[in-house]
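Q: In the numbering used here, the protein residues as written are 649 to 981.
For reference, the structure I am asking about is given below.
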Ligand SMILES: [Zn+2]
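Spelled out as C-alpha cells, the structure:
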C-alpha cells in the first residue's frame, strides 16, 4: 500500500479520535449506571482488585489461593451481569463501542495492519467514500424482484427476467459465501438498466461488512488510472507503487466495461491487471452492457477468452429499471 506520510497520519488521527470517543462514551455510561446503582460501582472495584490480587498470586507462585480467588471473581462477575440485566443494560455495556472490534480501533492487529486500515487507505487513495453512500441504499435488503417480469422470454429459451434475476442473486450470494474458501470471478452482463451495478453493489456491501477490502471503479475511472501508471515488473519482480492496491484488494469491481474510451495501450494494461489478479487469486467483478461476442471483438478474442474462462457469466434481462422507477414515481406522486 503506497501511502504518503500525510495520508498515513490522517488515517491514524481518525483512529485516535475514535479511541477518545470510545473512552468518553464508556466513562459516561459508567457514570450514569453508577448513579443508578452504587452497588455496581462496588462490584466493578471489587472485580478490579480481585483481578489484581490474582495476578499477584500467580506471579508469586502461590498456587493454593488461586482457586479461591477464581471462585470469588466468578461470583462477583455473576452478580454484575445480573445487576446489569436488571437495570436493562446489555451485558457489554461497559465495553468501548468499537467501530472495528477486530483491532479495537487501533488499526493494527499485532504488527499487522487491520483490514479496516487497508480499506481506509483505499478509500483515501481512490476517494471511494462516495461508494459507502451508494451501498447504504443499494444492498440485498433493498434489492427488489418487483422490477423483473415473470413472463417467459423466448430469446432466453423461455426463461423470464424474474428467473434470470433470481439465479443471478443466488450466484452472487454463493460468491459471497465462498469468498474466503474458493476463488471466483463474476461477469455480469445485460442491457442498460437491468440492475447490473445494483447487484455488484450488493456484493460489495456484504464483503465490506465482513472486513474485506473493495475497490470500485467505473471502467472510465480505471482506464484513467491505467493511463497514468504503467504496469511493469521491475528487475526485482516488484510492481510500481500505484498498482499495488489494484492487485492486492480482495475485490476489484469494474463497472460498465465497454463504455470507456480505450486505446491499445490501456486495453493491454487492463488485461495485464486482470491477469495479475487471476495469478494472485484475487476476485474481480466486471459488469458490462456488451454481450460476449461484442466484448471479444472490442478487446481481442484471445486475451478475452483467457479472462472469461475464469469468470462465471451472469446474464440479467428485462426492462430498464431506471425508467420503471421513474414511471412508478410519477404514478405514486
Ligand atoms: Zn480494524
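Note that beta-carbon positions come from the ideal geometry of N, C-alpha and C, so glycine has one too.
Remember, it's a predicted structure, so these values are computed and weren't measured experimentally.
Could you give the DSSP three-state label for residue 654: helix, strand or coil?
A: Counting from one through the chain shown, the residue named residue 654 turns up at place 6. In the structure shown, residue 654 sits in a helix (DSSP, three-state: H, G or I).
Q: Which residue wins for smallest C-alpha separation from residue 961, given the options 969, 937, 967, 841?
A: Within the chain shown, residue 961 is the residue found at index 313, counting from 1. The option with the nearest alpha carbon to residue 961 is 937.
Q: Roughly how many angstroms separate the alpha carbons of residue 693 and residue 901, rounded to a whole number?
A: Here the question's residue 693 lines up with position 45 in the chain shown. Here the question's residue 901 lines up with position 253 in the chain shown. About 51 Å.
Q: In the DSSP assignment, what are the bridge partners of residue 961?
A: Your numbering for residue 961 matches position 313 in the chain shown. In DSSP, residue 961 forms a bridge with 835.
Q: Rounded to whole angstroms, how far is the Cβ of residue 797 from the Cβ of residue 906, which I believe are closer than 8 Å?
A: The count along the chain shown starts at 1 and reaches residue 797 at position 149. The count along the chain shown starts at 1 and reaches residue 906 at position 258. So it is not a contact: roughly 25 Å between Cβ atoms.
Q: Assuming residue 865 is part of the beta strand (DSSP E), what are its boundary residues?
A: Mapped onto the chain shown, residue 865 falls at position 217. First-last of the beta strand (DSSP E) with residue 865: 862 to 866.
Q: Return the bridge partner residues of residue 898 from the DSSP annotation.
A: One-based indexing of the chain shown puts residue 898 at position 250. Note: residue 898 sits in no beta bridge, so no partner.
Q: Checking 8 Å against the spacing of the C-beta atoms, do residue 628 and residue 746 come in under that value?
A: Lying outside 649 to 981, the shown extent of the chain, residue 628 is not represented and no answer is given.
Q: Quick one: is the Cβ of residue 751 within less than 7 Å of any heavy atom of ligand 1?
A: By one-based count along the chain shown, residue 751 stands at place 103. Yes, the Cβ of residue 751 comes within 7 Å of a heavy atom of ligand 1.
Q: By Cβ distance, which residues of its chain are closer than 7 Å to residue 958, with the 5 residues on each side in sequence left out?
A: Start at 1 with the first residue of the chain shown, and residue 958 comes out as number 310. These residues qualify, in order along the chain: 833, 926.
Q: Helix, strand or coil: which one does DSSP assign to residue 790?
A: Locating residue 790 in the chain shown gives position 142, where the first residue counts as 1. Residue 790 falls in the coil class under three-state DSSP.
Q: Hey, would you say residue 731 sits closer than 8 Å to residue 685, going by beta carbons?
A: As a position in the chain shown, residue 731 is number 83, starting the count at 1. As a position in the chain shown, residue 685 is number 37, starting the count at 1. Going by C-beta atoms, residue 731 is nearer than 8 Å to residue 685.
Q: Mind checking residue 816: buried by the 16 CB within 10 Å criterion, or exposed?
A: Walking along the chain shown from the start, residue 816 turns up at place 168. When all chains shown are included, residue 816 counts as buried.
Q: Please check the pair residue 852 and residue 837, which I expect to be a contact at CB under 8 Å, by giving their CB distance rounded to whole angstroms.
A: Sequence index remark: in the chain shown, residue 852 carries index 204 (1-based). Sequence index remark: in the chain shown, residue 837 carries index 189 (1-based). With 8 Å as the limit, residue 852 and residue 837 do not qualify as a contact, their Cβ atoms being about 18 Å apart.
Q: Any heavy atom of ligand 1 inside 7 Å of the beta-carbon of residue 860?
A: Position 212 of the chain shown holds residue 860. No; taking the cut-off as 7 Å, the Cβ of residue 860 has no heavy atom of ligand 1 nearer than that.
Q: Given 7 Å as the limit, tell me if residue 748 has its C-beta closer than that to any heavy atom belonging to ligand 1.
A: For the purposes of this step, residue 748 is identified with residue 100 of the chain shown, where counting begins at 1. Residue 748: yes, Cβ under 7 Å from ligand 1.
Q: Residues in the same chain with beta-carbon distance under 6 Å from residue 934, minus the five sequence neighbours each way, listed in chain order, please.
A: Stepping through the chain shown from its first residue, residue 934 is reached at position 286. Hits under 6 Å: 835, 902, 905.
Q: If I measure Cβ to Cβ from residue 743 and keep anything under 8 Å in the same chain, skipping five residues before and after, which residues do I get?
A: Locating residue 743 in the chain shown gives position 95, where the first residue counts as 1. Taken in chain order, the residues that qualify are 674.
Q: When we look at the beta-carbon of residue 712 and count the other beta-carbons within 10 Å, is it buried (16 or more) or exposed?
A: Position 64 of the chain shown, counted from the start, is the residue given in the question as residue 712. Looking at its Cβ environment, which holds fewer than 16 other Cβ atoms inside 10 Å, residue 712 is exposed.
Q: For residue 809, which residues from the same chain have a beta carbon less than 7 Å from its beta carbon, with the 5 sequence-adjacent residues on both sides left out?
A: Stepping through the chain shown from its first residue, residue 809 is reached at position 161. Within the same chain, residue 809 has close Cβ partners 796, 797, 801, 965, 966.
Q: Helix, strand or coil for residue 761? Go by DSSP, reduced to three states.
A: As a working note, residue 761 is residue 113 in the chain shown. Here residue 761 sits in strand by DSSP.
Q: Please report the straight-line C-alpha distance between residue 704 and residue 717, rounded to a whole angstrom.
A: Here residue 704 refers to the residue found at position 56 of the chain shown. Here residue 717 refers to the residue found at position 69 of the chain shown. Cα to Cα, the separation comes out at about 11 Å.
Q: Excluding the five sequence neighbours on either side, which residues of its own chain have a C-beta within less than 8 Å of the C-beta of residue 695, listed in chain order?
A: Indexing the chain shown from 1 puts residue 695 at position 47. Excluding residues within five positions, the ones whose Cβ falls inside 8 Å are 721, 724, 725, 728.
Q: Hey, out of 759, 915, 690, 969, whose CA is closest to residue 944's CA?
A: Numbered from 1 along the chain shown, position 296 holds the residue referred to as residue 944. Of the listed residues, the one whose Cα sits closest to residue 944 is 915.
Q: By the three-class DSSP mapping on this structure, what secondary structure does residue 750 have?
A: Here residue 750 refers to the residue found at position 102 of the chain shown. Coil.
Q: Per DSSP, what kind of secondary structure is residue 936 in: helix, strand or coil?
A: Translated into the one-based positions of the chain shown, residue 936 becomes position 288. Three-state result, residue 936: strand.
Q: With H, G and I counted as helix, E and B as strand and the rest as coil, what does DSSP make of residue 756?
A: Along the chain shown, one-based indexing puts residue 756 at 108. Looking at residue 756 - three-state DSSP - the assignment turns out to be strand.
Q: For residue 897, is the beta carbon positioned less than 7 Å from some heavy atom of ligand 1?
A: The count along the chain shown starts at 1 and reaches residue 897 at position 249. No, the Cβ of residue 897 stays beyond 7 Å of every heavy atom of ligand 1.
Q: Using the beta-carbon count (16 or more within 10 Å), is residue 672 buried or exposed?
A: Position 24 of the chain shown, counted from the start, is the residue given in the question as residue 672. Burial call: exposed.
Q: Which same chain residues, not among the five before or five after residue 687, have their C-beta less than 7 Å away from its C-beta?
A: For the purposes of this step, residue 687 is identified with residue 39 of the chain shown, where counting begins at 1. Within the same chain, residue 687 has close Cβ partners 731.
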